[in-house]
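In this text, residue positions in the sequence shown follow our numbering: the first is -7, and each later residue adds one. Data first, discussion second: the structure below is written as C-alpha cells.
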Amino acid sequence: MNPYAIAYVRGSLALDSRGSPTVRVSVRLEGGGVGVALAPSGASRGLREAVEVRDGGVRWGGRGVGIAIARVNEVIAPRLRGVDARNQSYVDGILIALDGTPNKANLGSNATTPTSVAVAKAAASQSELPLYSYLGGVGARTLPVPLMNIINGGVHAGNELSFQEFMVAPVGFDSFKEALRAGVEVYMSLKGYLRDRYGLGSTNVGDEGGFAPPMRFVEEALDALVKAVERAGYKVGLDVLLGLDVAANQLYDGREAVYKVDGRRLSAGELLDYYLDLTSRYPVAYIEDPFMEDDLESTAKLTGRLAGRALIVGDDLYATNLRILARGLELKATNAALLKVNQVGTLTEALDYARLALGNGLKVVVSHRSGDTEDPFIADLAVALNTSLIKTGAPARGERTAKYNRLLEIEEELGPTAVYPGMRAFKW
Ligand code: PGA
Ligand code: ZN
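So, in C-alpha cells, the structure goes:
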C-alpha cells in the first residue's frame, strides 16, 4: 500500500466571511494523512480570472454551490482515487484536463482550488511536515511583511472612497511579531482618530476588517493613515510604509475611457500624474492595479516613473495567469505580481506563475480574497515561497486573523532561523 495514495475526496458546504456559500474539500490518504481546504471568493474580480460555478436561482440569492460540490464528489473524486498526493502537478493536471476550459468554467475554480490545496495539505500531514516546509523545503523561512488594509473603500465598503484599499506595511522591525504589534497599534490609533474626527459610525469595518469611514477623498484616507502612524509613535516612511489597491477596473468608464476618482473624471494620463503627485506627498510605496486590466502600457509608464520608489503590483492585471504575466514582463509593466490561487484554480499553476515572476526579479505578493474563510493556507504559502509580502487584511475579523495567527505560529516554530525582511521587501 502507498500511504500517499488518495483514498477519499469529499466536497461539502461551508460559508465564507460574507455569508456566501463556499466549498470545503476534505482529502484523506491511505496512510491516514488528512487535508481540508476552503475556497475563498473575490468581489472585485478580474475579467480573466478562473470563474466560480454558482447555482443561480433564488436559494442563497443565486450564490449556491451545489453544482460545484457535485463536481467535486461526482467528477473529481473518482478520478483522484489512488493517485499519489505528493505528485501535485499530476493531480492538478487531472483537474485541468477534467475541466477542459481555459478558465475552469466547467468544474469551477471554487471546486478545483480547494481540491488542489487539500491534496497538498494531506500530503504534508502524511509526511509529518508543516505545510510551509512541505511546499517550500528547508529554505522556507522568510516571514512576509503584511500589507494591512486598514481603511476599506471601493466595492468592499459602503462609503464613497474611490480606491479600494488603504494599507500600512510595518517594515522597521526585526521580527514578524514586532511588526504585527506595530500594525495593530496603528489600527487601534486609527480607530481613535476616526472616532474623534468622524464620529461613532466611522469605526464600522468593511469586508477585509479595515474601517469604512464616511470619507469621500483619497487624500482624507491617506491623511488618516499618516496621523494614525504618528499617533502610535512610529515614523511614517521609515517604520511604516503606506500602500494602495486602486482596483482601477472598478473606477473605469469604458465608454468615455475615463477613471472616476473623487468626483473627477481622469484620463489615463491624468491619473498617472495624480499618482506621481500623491507619491511625492505621501510615503506610498505600493500601488496595486493603478489602471484597468487591459492597460499594461500606462501601468508600465508608472512603473518606470516610480522606479526605486514604489512597488507597482498587478492583481486583476495578471489574474495569477502565466501568459498574461509573460506579456507584462515583456512590457516591464510592473515590478510585482499578486498571487491568488483561486484566480487560476490550481496550486501548480499558481506556483508556476510565482516562479516566472520571481525568476524575472519581480516581487510576489501572496493574497487573500475579500470573501475569505478561516483557512490559513496562504500564510504557509507565503513562507514556502519566501515571497516577503502578504496581503491579508486588517488585524480584525477571524478570517483575517487566522492568517496572522498562523504566521505568528510559524515564526515561533522557525525560531532564530526565521527571517523578517522589513524594508528589504520593498527593494528589488
Ligand atoms: P477581491 O479584492 O478579493 O474582492 O477581488 C481583493 C483585491 O483586489 O486585492
Ligand atoms: Zn487587488
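Glycine included, C-beta positions come from ideal geometry on N, C-alpha and C.
When DSSP states are grouped into helix, strand and coil, residue 378 belongs to the coil group.
The Cβ neighbour count for residue 207, taken over all protein chains shown within 10 Å, is at least 16; the residue is labelled buried.
It is roughly 11 Å from the alpha-carbon of residue 339 to the alpha-carbon of residue 369. The Cβ-Cβ distance between residue 353 and residue 325 does not fall below 8 Å.
The chain-ordered list of residues whose CB is nearer than 6 Å to some heavy atom of ligand 2 reads 237, 239, 280, 281 and 307. Straight through space, the alpha carbons of residue 196 and residue 185 are spaced by roughly 13 Å. Here residue 394 has 366 and 368 as same chain residues with Cβ atoms under 6 Å from its own Cβ, once five neighbours each way along the sequence are excluded. Judged by their CB atoms, residue 17 and residue 43 are not nearer to each other than the 8 Å cut-off.
Rounded to whole angstroms, the separation of the alpha carbons of residue 397 and residue 173 is 12 Å.
By the neighbour-count definition (other C-beta atoms within 10 Å, threshold 16), residue 245 is an exposed residue. In this structure, residue 204 places its C-beta atom within 8 Å of the C-beta atom of residue 151.
Distance from the CA of residue 319 to the CA of residue 165, rounded to the nearest whole angstrom, comes to 36 Å. If you look at residue 13, you'll find it in the beta strand (DSSP E) that goes 13 to 21. Across the set 315, 157 and 411, the C-alpha of 157 shows the shortest separation from the C-alpha of residue 238.
In the structure shown, residue 398 adopts helical secondary structure according to DSSP, grouped into three states. Taking the Cα positions, residue 386 is about 36 Å away from residue 69. Following the DSSP letters along the chain, one finds residue 328 in no alpha helix (DSSP H) but inside the beta strand (DSSP E) bounded by residues 328 to 331. Secondary structure of residue 415 (DSSP, three-state): helix. Between residue 77 and residue -2, the C-beta spacing is below 8 Å.
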